[in-house]
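In terms of mature numbering (1 follows the signal peptide of the UniProt record, and there is no 0), the sequence shown is residues -24 to -1, 1 to 283. Everything below concerns the one structure shown next.
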Amino acid sequence: MRCRHLLCAGLAVLLLWGGGGAWATGSAWAQGTDRAAGTVLAQFEEARALAVDPRERLYVADAGRSVVGIFEADGTRRAVLGGAGTRPGTFDTPSAIDPTNGQVLLVADTYNGRVQRLSTEGQYLESLPVGQTGRRAAGEWTFQDGGGGASVQGDGRPIGVARDDEGAVFVLDSRNRQVWKWSDVGQAQAVVSGRGGRLQDPVALALGPDRRLYVADAGREAVLIYDAVGTFRRRVPGLAPAAVQALAVHRGRLWIVCPHRVLAWDRREGVVAEHTVDLGEPLVDVAAYQDRVYLLTETRLLRRPAW
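See below:
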């Protein structure tokens, strides 16, 4: 797994696991250790990302097998998509997923240099080459259908993907140190780039309320906030050394996932909670649905009651 050195410990996350700490707001924030790991739902070789759709179906990107697994809330495996390869519908180290509205799945197919769009039944729909291809410049890419089984690839390394309510797709390209935006009418542009040191070593992306972009940058040791057109707003304050594994947004608050803790940060209140989680191996990602929280390590998916 890619090394992700980043400041992380002064933001609080909305994680008040049942029995693990008390709720507080503002500068006094909840803190505790999660000793009840939860129920193991599935196992993996090298899981990288977790997401949940409106029907509480769970999606896990397993980079070790180059597949995306789809599970019901009780851990029943519904489907396994992909497999190692370069052709449409196959993956090389998938690192991020967005199930959007539960009908279409976006997969950051990292070492194939593309984002693939698939149905949740596994039907390949189209691809977005990230970075330069042999035929077009990075600023001109559009979704391509991979007709005739041809592979669609760019030289970028997409490690984050998120779609907003207006249909725009945002992609974090770690190799070119950029965030790309692909609009619902086929226009593409780099909204955040590495020029001038804006991004140095980006490792995670999340899309928040009012279309705010959150980017964890290990090189700058910060979580940076941009608007949807790429204007820098500010950095999330109060960080301390740790490794950021993932970013997520739940109920308007930013979750910062570190190897052994999850922090929640509110735009108005700042850090609101911190929870230390001891699972015997580092956390990779976290997702929540109503009164349940799902925890992902490289090898396990677990469910436990929400905080």
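Virtual Cβ for every residue (Gly too), placed ideally from N, Cα, C. Everything numeric in this text was worked out from a predicted model, so none of it was measured.
Can you tell me the Cβ-Cβ gap for residue i and residue j, rounded? I've got them flagged as a contact below 8 Å.
{"i": "Gly89", "j": "Asp50", "result": "About 36 Å; that fails the 8 Å criterion."}
{"i": "Phe67", "j": "Gly78", "result": "Contact flag wrong, Cβ pair sits at about 20 Å."}
{"i": "Ala84", "j": "Gly136", "result": "6 Å"}
{"i": "Arg160", "j": "Pro178", "result": "Residue identity differs from the one stated: residue 160 is Asp in this sequence, not Arg. That pair is no contact at about 24 Å."}
{"i": "Val168", "j": "Gly195", "result": "In fact, because the Cβ distance is near 14 Å, the residues do not count as touching under 8 Å."}
Looking at residue j and residue i, is the spacing between their C-beta atoms short of 8 Å?
{"i": "Ser42", "j": "Thr69", "result": "yes"}
{"i": "Leu230", "j": "Ala282", "result": "no"}
{"i": "His251", "j": "Val233", "result": "no"}
{"i": "Leu255", "j": "Ala13", "result": "yes"}
{"i": "Ala164", "j": "Asp74", "result": "no"}
{"i": "residue 284", "j": "Val80", "result": "This structure cannot settle anything about residue 284, because the visible part of the chain is limited to -24 through 283."}
{"i": "Pro235", "j": "Ala219", "result": "yes"}
{"i": "Val91", "j": "Val147", "result": "yes"}
{"i": "Thr15", "j": "Arg280", "result": "yes"}
{"i": "Asp267", "j": "Leu26", "result": "no"}
{"i": "Arg33", "j": "Ser71", "result": "no"}
Just the Cα atoms here: how many angstroms apart are residue i and residue j?
{"i": "Thr275", "j": "Arg188", "result": "31 Å"}
{"i": "Tyr87", "j": "Asp186", "result": "31 Å"}
{"i": "Ala39", "j": "Glu197", "result": "25 Å"}
{"i": "Gly228", "j": "Val128", "result": "35 Å"}
{"i": "Leu271", "j": "Arg31", "result": "18 Å"}
{"i": "Gly246", "j": "Val199", "result": "13 Å"}
{"i": "Val269", "j": "Val28", "result": "10 Å"}
{"i": "Tyr202", "j": "Phe208", "result": "4 Å"}
{"i": "Trp241", "j": "Val248", "result": "6 Å"}
{"i": "Asp149", "j": "Pro134", "result": "4 Å"}
{"i": "Gly61", "j": "Gly214", "result": "42 Å"}
{"i": "Ala263", "j": "Leu82", "result": "17 Å"}
{"i": "Gln221", "j": "Ala180", "result": "7 Å"}
{"i": "Arg211", "j": "Arg243", "result": "11 Å"}
Tell me which same chain residues have a C-beta within less than 8 Å of the C-beta of residue i, skipping the five on either side of it?
{"i": "residue 284", "result": "Outside the shown range of the chain, which is -24 to 283, sits residue 284, and nothing can be said about it."}
Whose C-beta lies closer than 7 Å to the C-beta of residue i among residues of the same chain, with five residues either side of it excluded?
{"i": "Val56", "result": "Val43, Gly45"}
{"i": "Glu257", "result": "Thr273, Glu274, Thr275"}
{"i": "Glu21", "result": "Asp38, Gly40, Arg41"}
Could you pull out every residue in the same chain whose Cβ sits closer than 6 Å to the Cβ of residue i, ignoring the five residues on either side in sequence?
{"i": "Gly65", "result": "Tyr100"}
Between the segment 95 to 102 and the segment 141 to 158, are three or more C-beta pairs nearer than 8 Å? no
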